[in-house]
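Visitor:
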Amino acid sequence: MPKLIKNQDIIDDNYQLLETVPAADQPLPEGNLLVPLTDWLENQQRYNNHSGKVGVWLDSHEEPELLAGQAQSLPVIAINFPQFTDGRGYSTGRLLRERFGFLGELRAIGDVLRDQLFYMARCGFNAFAIRADRCIHDALNGLKDFSETYQAAVDQPQPLFRRRQMQAE
Amino acid sequence: MYIYDQYDQTIVDERVIQFREQTQRYLAGELADAEFLPLRLQNGLYIQRFAPMLRVAIPYGMVSSNQLRKLAEIARKYDKGYVHFSTRQNVQYNWPQLEQVPDILAELATVQMHAIQTSGNCIRNTTTDQFAGVAADEIVDPRPYCEIIRQWSTFHPEFAFLPRKFKIAVNAAKKDRAATLVHDIGLYLVKNKTGEIGFKVIVGGGLGRTPLIGTVIREFLPEKHLLSYLDAVLRVYNRYGRRDNKYKARIKILVKALGTELFTQKVEVEWEQIKDGATTLTQEEINRVTDHFSVPAYEALPATSDQLAQQLADDPNFNHWYQQNVNAHKVSGYSIVTFSLKPTGVAPGDVTDKQLEAAADLADQYSFGEARVSHQQNLVLADVKQDDLYPLWQAAIQHGFATPNIGLLTDIICCPGGDFCALANAKSIPIAEAIQNRFDDLDYLHDIGELDLNISGCMNACGHHHVGHIGILGVDKKGEEFYQVQVGGNAGSDASLGKILGPSFAKEDVPEVISKLLTVYVSQRTPEERFIDTYRRIGIKPFKEQVYAKAH
Ligand code: HEM
Ligand code: SF4
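So the sequence lines, in the order shown, correspond to chains A and B. Residue 579 is where the first sequence starts when you use the numbering used here, and the numbers rise one by one after that. Residue 1223 is where the second sequence starts when you use the numbering used here, and the numbers rise one by one after that.
1. For B/Pro1764, I'd like the list of residues in its chain whose CB is within less than 7 Å of its CB, leaving aside the five on either flank, ordered along the chain.
2. Pair every Cβ in the region 704-724 of chain A with every Cβ in the region 674-694 of chain A, then say whether three or more of these pairs are closer than 8 Å.
3. For B/Lys1721, which residues from the same chain have a beta carbon less than 8 Å from its beta carbon, with the 5 sequence-adjacent residues on both sides left out?
4. Can you give me the C-alpha to C-alpha distance between B/Ala1500 and A/Phe739, rounded to a whole angstrom?
5. Just to confirm, does B/Gly1679 get its C-beta within under 6 Å of one of the non-hydrogen atoms of the ligand SF4?
6. Please confirm whether B/Gln1505 has its beta-carbon closer than 7 Å to some beta-carbon of chain A.
7. Under the rule that 16 or more other beta-carbon atoms within 10 Å means buried, what is A/Pro735, buried or exposed?
8. DSSP on B/Thr1512, reduced to helix/strand/coil?
9. What's the gap between the Cα of B/Tyr1300 and the Cα of B/Ile1326?
10. So for B/Met1284, helix, strand or coil by DSSP?
11. Short of 8 Å in beta carbon distance, which residues of its chain neighbour B/Glu1579, apart from the five on each side in sequence? Order them along the chain.
12. With a threshold of 8 Å, are at least 3 pairs of Cβ atoms found where one atom belongs to the region 1658-1665 of chain B and the other to the region 1547-1567 of chain B?
13. Examine the ligand SF4 and report whether any of its heavy atoms sits within less than 6 Å of the Cβ of B/Gly1571.
14. Below 8 Å on C-beta distance, what does A/Gln736 contact in chain B?
15. Residue ranges of each alpha helix (DSSP H) run of no fewer than 4 residues wholly in the region 1367-1403 of chain B, ordered along the chain?
16. Extract the residue ranges of the alpha helix (DSSP H) inside the region 1631-1683 of chain B, only unbroken runs of 4 or more that lie entirely within it.
17. Go through the region 1572-1609 of chain B residue by residue and report every complete run of the alpha helix (DSSP H) that reaches 4 residues or more, in order.
18. Would B/Pro1524 pass as a contact of B/Gly1481 if the rule is Cβ separation under 7 Å?
19. Please state the DSSP three-state secondary structure of B/Gln1708.
20. So A/Ala731 contacts chain B; which residues on that side make the cut at Cβ distance below 8 Å?
21. Please list the segments of the alpha helix (DSSP H) lying wholly inside the region 626-710 of chain A, counting only runs of 4 or more residues, in order along the chain.
22. What do you reckon, is the C-beta of A/Ala731 under 6 Å from a heavy atom of the ligand SF4?
23. Is the CB of B/Trp1193 under 7 Å away from at least one CB in chain A?
24. Out of B/Ala1618, B/Leu1611 and B/Asn1676, which has the shortest C-alpha to C-alpha gap to B/Pro1638?
25. Please report the straight-line C-alpha distance between B/Arg1510 and B/Ala1654, rounded to a whole angstrom.
26. If you drop the 5 nearest sequence neighbours on each side, which residues of the same chain put their C-beta closer than 6 Å to that of B/Asp1575?
27. Determine the chain A residues that contact B/Phe1421 at a beta-carbon separation under 7 Å, and present them in chain order.
28. Between B/Tyr1544 and A/Glu726, how many whole angstroms is the CB-CB distance? I'm expecting something under 8 Å.
29. Below 8 Å on the Cβ atoms is my guess for B/Met1284 versus B/Glu1592; work out the distance and round it to an integer in Å.
30. Is B/Ala1646 close to the ligand SF4? I mean its beta-carbon at under 6 Å from any heavy atom of the ligand.
31. Going by other Cβ atoms of all chains shown within 10 Å of its Cβ, with 16 needed for buried, is B/Arg1759 buried or exposed?
32. CB B/Gln1334 to CB B/Gln1264, shorter than 7 Å?
33. Along the region 667-683 of chain A, where does the CB come closer than 7 Å to a CB of chain B? Name the residues.
34. Between the alpha carbons of A/Glu597 and A/Val613, how many angstroms are there, rounded?
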């Protein structure tokens, strides 16, 4: 079974990612599924009837606003990084966490490499499907690059200047 | 100056460890070229024509004498004994070894310096007026805000992989010395009717292939909202900026495509949702950072020094230098001195290790141990007693800093061009030198007066050629180097972009072309007019006619 970094641990990935979904008259695969956002929005009945759990994945250009009001019902939301240099997913992650109240598993998929993990984690990602040709154990180290940060973000909602102030008081 | 506390130091130290490790993985073949590229760029490391090039940040241009000495030591130990001051308040090393870059960063960290985000598609070093804090025409010192922006932008997790590079400039004086209007975000510090401090926010300026002057998207942003508003602008850009074409990826293209109104609306809608969050600045934080830029221990001095008046009367050369390279200071009895890094025959902005050390000593002796770097590639000692100007000038002569040409034709802004840069279409340093050689008569230069001449080796415009009163751009014609000449650009608060004169010129002809432009100016000017003013009054036609007139 493929592996996943989740909550700083390496675990089995028990979701199957569907890049495209079988036609309506074909059966869905068994088990837990990650399905494309637009398809999920259009065919919720079909997924409600599915025996496994269903999460959605967004491509880098897809807007988290489409999930407003519904994000909280999902167990997993995955965001695709078609290339690691495409940084839209960082904003998407923060919005899902900070604006749309998503508390479930937020997973980075696609071109996910060690050197992006620290930033991703700050933007609310807690799960990482590391690119298949890379060592997942090595990638785990990427979460520990820094022990201090300046800005407010999902992992640390107080910017350093406020924490500094609290320390000083 | 801002002094790191344990948090700042930890972050910079951990960066050194991170980059050392990334470099090792790259050298071991565990990171592909394409993967290492954005990582090294975010650490200012280019692979250039001859060797890697390392760009070191000088946040908003402030540098201490200790830092200057460290830059000198690094130049000696790891490079060929000199550094290059760039137009973005950075310095560049042209010959470091990739393997040694982590060691260089470790050395920099010992003096609170780094190369973080000096390149790459992230928020770059924030720049400001080199006279910040000492200029008489200033509303408030912009440096604390620059430092606040520096911290906010350092490893900002959401904006490390933007569509393209992102540059912010802050100016607080009446005269804009920071080319604010040609930055991705320009901030003018202002006071509103009730005396509150805030920012006029300008977005979408920039040079390069599509040069544009920025547009105002907010007349007044209260200071406490600075960071949340920047977050909102950057978030809109990160989400909607183009990523399919790197030449159309800058925020200026997004602003243009959406129109200022729609773009502004998107920013305001986003900001509404985040404006009162934890990122809202506290007065305590503004005060804490401001305290680092507190007034040095100035002596109480009379407004004018009799001794200086005598020296100016006695020594015409000193007087010349004083007129050109010394500016008024807001504190009585003090002056601002600019060291010219543009003597004839030296690449504009190049300084040797020895010179850096000399500048450090002079800063210690005469200017509270601090200096600044200007985007015109010069070095400033900002707090010099008027009585010290004469000895400082004599020392500056010794070290090659006293060319009395600040703001004049030979104070050329010039990119590294074909001598160093892999992207160049043509050389630019030899053009600067040829012009400096041709116009070496100081009386003539003074007569011509204020004139910005800027040279870039390609349309990326690192040498700001679009905003030079005269701009020169290297172009490639069938493998040969030619130079296109523009007139009418300006970088100040009345910024304008230069217009192309006509067909480009061969290298040998450039000084003569400049000479002809000056002839037109001299014959047409009114007594008070600068070159740019005359151009704006009479237009391009007389210049064009003179330059392209057939020889009789
Ligand atoms: C030697 C290596 C260098 C490389 C490869 C390089 C590359 C570039 C590129 C590709 C652009 C265009 C970006 C765009 O429009 O999207 C650019 C713009 C610029 N660079 Fe450089 N550059 C170099 C050195 C310098 C130096 C030495 C300076 C200062 C002397 C400088 C300052 C600038 C400035 C001011 C711009 C214009 C920014 C704008 O468009 O608003 N660069 N550079
Ligand atoms: S303008 Fe062109 S030639 Fe000059 S430094 Fe920039 S990229 Fe290189």
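For every residue, glycine included, the Cβ atom is placed at its ideal position computed from N, Cα and C.
Guide: According to the structure shown:
1. Result list for B/Pro1764: Val1742 and Gln1746, in chain order.
2. Verdict: yes, contact present.
3. Correct list, in chain order: Gln1708, Val1709, Gly1710 and Ile1762.
4. The alpha-carbon atoms of B/Ala1500 and A/Phe739 are separated by roughly 10 Å.
5. For the ligand SF4, a non-hydrogen atom lies closer than 6 Å to the CB of B/Gly1679.
6. Taking Cβ atoms only, chain A never reaches closer than 7 Å to B/Gln1505, which makes this a no.
7. A/Pro735 should be labelled exposed.
8. Of the three classes helix, strand and coil, the one that applies to B/Thr1512 here is helix, per DSSP.
9. Those two C-alpha atoms are separated by around 8 Å.
10. Per DSSP, reduced to three states, the secondary structure at B/Met1284 is strand.
11. Excluding residues up to 5 positions away in sequence, Leu1290, Arg1291 and Ala1294 lie with their Cβ nearer than 8 Å to the Cβ of B/Glu1579 in the same chain.
12. When Cβ pairs closer than 8 Å are counted between the two stretches, the region 1658-1665 of chain B is seen to touch the region 1547-1567 of chain B, the count reaching three or more.
13. Checking every heavy atom of the ligand SF4 against the Cβ of B/Gly1571, none is found closer than 6 Å.
14. Listed along the chain, the chain B residues whose CB falls inside 8 Å of the CB of A/Gln736 are Ala1500.
15. Secondary structure in the region 1367-1403 of chain B: no alpha helix (DSSP H) run of 4 residues or longer lies completely within the stretch.
16. Every alpha helix (DSSP H) stretch that sits fully inside the region 1631-1683 of chain B and reaches 4 residues is listed by chain position as 1651-1660 and 1664-1670.
17. Correct list: 1575-1588.
18. It is not a contact, given that the beta carbons lie outside the stated cut-off.
19. DSSP places B/Gln1708 within a strand segment (E or B) once states are collapsed to three.
20. Chain-ordered, the chain B residues with CB closer than 8 Å to the CB of A/Ala731 read Pro1379 and Glu1380.
21. Within the region 626-710 of chain A, the runs of alpha helix (DSSP H) that reach at least 4 residues and sit entirely inside it are, in chain order, 666-672 and 695-700.
22. For A/Ala731, the Cβ stays outside the 6 Å cut-off from all heavy atoms of the ligand SF4.
23. Chain B is shown only over 1223 to 1774; residue 1193 of chain B falls outside these bounds and no answer can be derived.
24. Per the C-alpha coordinates, the member of B/Ala1618, B/Leu1611 and B/Asn1676 positioned closest to B/Pro1638 is B/Asn1676.
25. Going from the Cα of B/Arg1510 to the Cα of B/Ala1654 covers about 44 Å.
26. Excluding residues within five positions, the ones whose Cβ falls inside 6 Å are Ala1294, Ala1297, Arg1298 and Gly1303.
27. Neighbours of B/Phe1421 in chain A, taken as residues whose beta carbon is under 7 Å from its own, are absent, since the nearest beta carbon is some 18 Å off.
28. Rounded to whole angstroms, the Cβ separation of B/Tyr1544 and A/Glu726 is 47 Å, and the two are not in contact under 8 Å.
29. That belief holds up - the Cβ atoms of B/Met1284 and B/Glu1592 are roughly 7 Å apart, short of 8 Å.
30. Indeed, a heavy atom of the ligand SF4 lies less than 6 Å from the Cβ.
31. The residue is exposed, with fewer than 16 neighbouring Cβ atoms inside 10 Å.
32. Not closer than 7 Å, so no.
33. Look at the region 667-683 of chain A: the residues with a C-beta under 7 Å from a C-beta of chain B are Tyr668, Ser669, Arg672 and Arg677.
34. Taking C-alpha positions only, A/Glu597 is separated from A/Val613 by approximately 7 Å.
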